[in-house]
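Single-structure report; data block below.
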Amino acid sequence: MDADEIKNRAILIQKFLDDFNDCHPFVTILLLDCCRVYHLRNPKLNVALARAKKINNSQSTGLKQMDGKAGTLIAFACAPGTIAQDGTNEQNGLFTKYLLEHIATPNKDIRMIMAAVTRGVMTESKLN
15 MDADEIKNRA ILIQKFLDDF NDCHPFVTIL LLDCCRVYHL RNPKLNVALA
65 RAKKINNSQS TGLKQMDGKA GTLIAFACAP GTIAQDGTNE QNGLFTKYLL
115 EHIATPNKDI RMIMAAVTRG VMTESKLN
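Rendered as structure tokens:
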């Protein structure tokens, strides 16, 4: 996979959010379980990336902060600039694991659901 292919496959999520909000929805909920380390199949690219990281320690990783309009809830699997943890021998990452556990709770505010997701992720990630 080269740089052009990465650009073609990447999703510009801030643009997606801006376009969605241009439709003036009552509420927008954007839940992103991403921010992983991707291992490229081309060994030359892996070597180049390793060298670039040694040269430029300020190179950012993960997602950047996103901005939404009033009525927008954005939740990432991890903080901007960090990498999300996957569960050990699990089908999903920790964020999705706890989201699926709590999202169907009836009559519960989305902020309370997300707080429960955060607690689950924080507790399990500290154990690993």
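Whatever position you read off the sequence shown (first residue = 1), add 14 for the working numbering. We put the CB at the ideal spot given by N, CA and C, even for glycine.
In the DSSP assignment, the residues bridged to phenylalanine 90 are Leu46.
In terms of CA proximity to lysine 83, Asp33 leads the group Asp33, Val135, Ala24, Glu19. Around the beta carbon of leucine 114, fewer than 16 other beta carbons lie within 10 angstroms, which makes this residue exposed. In the structure shown, glycine 134 adopts helical secondary structure according to DSSP, grouped into three states. The alpha-carbon separation between glycine 134 and tyrosine 112 amounts to approximately 6 Å. One alpha carbon belongs to histidine 38, the other to aspartate 18, and they sit about 33 Å apart.
Taking C-beta separations shorter than 8 Å and ignoring five residues to either side along the sequence, the partners of phenylalanine 40 in its chain run Gly85, following chain order.
Counting only the Cα atoms, methionine 126 lies some 20 Å from serine 139. Residue state for aspartate 100 is assigned as strand, using DSSP reduced to three classes.
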